[in-house]
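Single-structure report; data block below.
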Amino acid sequence: MINFFIFPLSFFLIAGLVSLCFRGIQSWKATCTIQAGGGVLTILASKLCLLRINTGEIIQTSLTPLFPVVLGVDRLSAAFSLLLGLLAVAVSLYTPGYICRLQTGRSQDILCGLIPLFLASMLLVLLSKTTFAFLLFWELMAVTSFFLVLIEYKDEKTRYAAFFYLVMTQLSTVCIFLSIISMYLISGSFRFPEGISIETLFGSAAFVFLFLGAAIKAGVIPFHKWLPYAHPAAASPVSALMSGMMLNTALYIVFRAVNGIFIPNLSMGLVILSFGCITAVLGVMYALKEQDLKSLLAYSSIDNTGVILIGISLFTILSSTGHPDIGMMAFLGALFHAISHGTFKGLLFLTAGSVYQATGTKNIDELGGLLVRMPWTGGFFFIGMLSISAIPPFNG
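310 is the number of the first residue of the sequence shown in my numbering; add one for each residue after it.
So, in structure tokens, the structure goes:
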């Protein structure tokens with residue numbers, strides 16, 4: 310069944326090559342059409358896996374006999390892949406009109422070409438079943454996202470945001486690498502181990518470095534500062550993917566860590582809970598003082614990351630104290646919120662980009678009366694606001 314994901318991966322790679330090899334609006338439209346096809350195929354493959362895979366089952370295949378690169382899918386990775394497919398389709402529909410209004414020359418082709426490669430790298434992270442493959446595609450995700458943030462390189466603030474993000478994302482990669490080394494010393498294999506106890510030296514090191522690597526990438530406080538810099542600096546389709554999917558890709562490995570790689574432990578749960586509470590509370594406080602629309606949405610993403618971590622921590626604590634059934638409810642709640650947040654935050658960043666292109670400002674105090682001028686954008690933004698505010702029947 311993992312073979313079904315080879316098709317969307319192929320579509321994303323072809324889409325990237327089309328835009329990088331050819332120029333002009335026809336090339337952009339062709340790229341986005343192929344990319345949308347990859348998104349639809351990702352949705353179909355994810356739904357098929359969610360329906361057919363039994364709980365806890367992993368279907369995998371070796372990508373190459375020369376290197377320990379193994380791709381696999383289970384219900385957790387399929388759920389996040391479903392979100393990726395939805396965002397891929399939305400961004401594909403949005404991007405042609407957006408980049409036509411940019412005045413960045415060749416950068417338009419590069420932007421359009423790197424987005425499907427960014428999508429492919431995130432999908433490969435979700436499907437990786439060996440530590441070697443995970444690290445390889447994690448770094449590919451970091452590099453492609455760096456160049457996407459750097460698209461408007463002539464602006465000094467954009468260059469600063471991009472290189473600050475590069476430093477932080479490489480620090481994240483170093484932490485992931487140290488965690489993988491610790492896992493290898495425990496298991497002697499490049500496969501993701503299962504049931505590691507953090508009460509051992511290498512076990513605790515593996516967890517600490519893995520969590521730090523994911524926390525940096527997810528914008529967990531106090532590792533968050535890159536996020537409100539990079540998101541406003543990036544093009545809106547990129548911001549939507551970074552906030553809607555890339556942060557969730559980092560959280561995915563935390564979900565995987567507490568429910569598979571490591572044995573749930575009270576200390577582990579308390580550590581995650583502490584970071585989650587601090588991130589949720591301070592994320593809201595930072596958001597309240599923001600006047601820049603995209604920065605506000607970025608801090609909102611930090612807040613929601615904290616909420617998701619709280620749910621993960623409750624699963625860990627309850628599972629380690631003899632209440633696994635109640636803990637699983639917290640796990641599923643955190644997973645549901647991660648998927649929901651990725652969906653509505655992607656929508657909000659896309660509509661924020663339309664507002665910025667129409668008005669030339671992201672200052673909230675300078676915006677008003679746009680519903681008459683931009684009814685479709687206003688309608689979609691209103692749906693996003695209802696979702697982020699948790700107004701029934703929406704979730705936020």
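Cβ atoms here follow ideal geometry from the backbone N, Cα and C, with glycine treated the same way. Only a predicted model underlies this, so the values are computations on that prediction, with no experimental measurement involved.
Per DSSP, what kind of secondary structure is G348 in: helix, strand or coil?
-> As a first step, residue 348 is located in the sequence shown; it is residue number 39 there, counting from the start. Helix, per DSSP.
Identify, in the order they occur along the chain, each residue of the same chain with its Cβ nearer than 6 angstroms to the Cβ of G553, setting aside the five sequence neighbours on each side.
-> As a first step, residue 553 must be located in the sequence shown, where it is residue number 244. So the qualifying residues of the chain are L396, G651, K654, G655.
Take the Cβ of R682 as the centre, count every other Cβ of all protein chains shown within 10 Å, and call the residue buried at 16 or more, exposed below.
-> Along the sequence shown, one-based indexing puts residue 682 at 373. Under this definition R682 is an exposed residue.
Could you tell me the distance, in whole angstroms, from the CA atom of F389 to the CA atom of L322?
-> Along the sequence shown, read from residue 1 onward, the residue named residue 389 stands at position 80. Along the sequence shown, read from residue 1 onward, the residue named residue 322 stands at position 13. Rounded to whole angstroms, F389 to L322 spans 20 angstroms at the Cα level.
Under 8 angstroms from any heavy atom of the ligand MG, does the C-beta of F658 make it?
-> Of the ligands one can find in the structure shown there are none, so the ligand MG has no counterpart to examine.
Confirm, please, whether the CB-CB distance from T625 to P573 is below 9 angstroms.
-> Position 264 of the sequence shown, counting from 1, holds the residue named residue 573. Position 316 of the sequence shown, counting from 1, holds the residue named residue 625. Yes, the pair counts as a contact, with Cβ atoms nearer than the cut-off.
Which partner residues does D601 have in the DSSP bridge list?
-> As a working mapping, residue 601 is identified with position 292 in the sequence shown. The partner list for D601 (beta bridge, DSSP) reads N672.
Check I507 in the structure and name its three-state DSSP category.
-> In the sequence shown, counting from the first residue as 1, residue 507 sits at position 198. Looking at I507 - three-state DSSP - the assignment turns out to be coil, as it is neither helix nor strand.
Taking the runs of the alpha helix (DSSP H) that are 4 residues or longer, which of them lie wholly in the stretch 620–692?
-> 633–668, 679–682
In three-state terms, what does DSSP make of V529?
-> The residue you call residue 529 lines up with position 220 of the sequence shown. Looking at V529 - three-state DSSP - the assignment turns out to be coil, as it is neither helix nor strand.
Measure the C-alpha to C-alpha separation of M638 and G578 and round it to an integer number of angstroms.
-> Stepping through the sequence shown from its first residue, residue 638 is reached at position 329. Stepping through the sequence shown from its first residue, residue 578 is reached at position 269. Distance between the alpha carbons of M638 and G578: 15 angstroms.
Pick helix, strand or coil for G497, following the three-state DSSP scheme.
-> Here residue 497 is taken as the residue at index 188 of the sequence shown, counted from 1. Three-state result, G497: coil.
Could you pull out every residue in the same chain whose Cβ sits closer than 6 angstroms to the Cβ of G504, ignoring the five residues on either side in sequence?
-> Within the sequence shown, the letter at position 195 stands for residue 504. Correct list, in chain order: I572.
Straight-line gap, C341 to L420 (C-alpha atoms, nearest Å) | Within the sequence shown, the letter at position 32 stands for residue 341. Within the sequence shown, the letter at position 111 stands for residue 420. Answer to the nearest angstrom: the Cα atoms are 11 angstroms apart.
According to DSSP, what are the bridge partners of F571?
-> Position 262 of the sequence shown holds residue 571. For F571, which the question treats as bridged, DSSP gives the partners I505.
Any idea if M450 is buried or exposed, counting beta-carbon neighbours within 10 angstroms, 16 or more meaning buried?
-> As a working mapping, residue 450 is identified with position 141 in the sequence shown. With 16 or more Cβ atoms within 10 Å of its Cβ, M450 is classed as buried.
Determine the closest residue to S491 out of K356, A514, D612, V434, with distance taken between C-alpha atoms.
-> Residue mapping note: residue 491 aligns to position 182 of the sequence shown, counting from 1. Cα-wise, what sits closest to S491 is A514.
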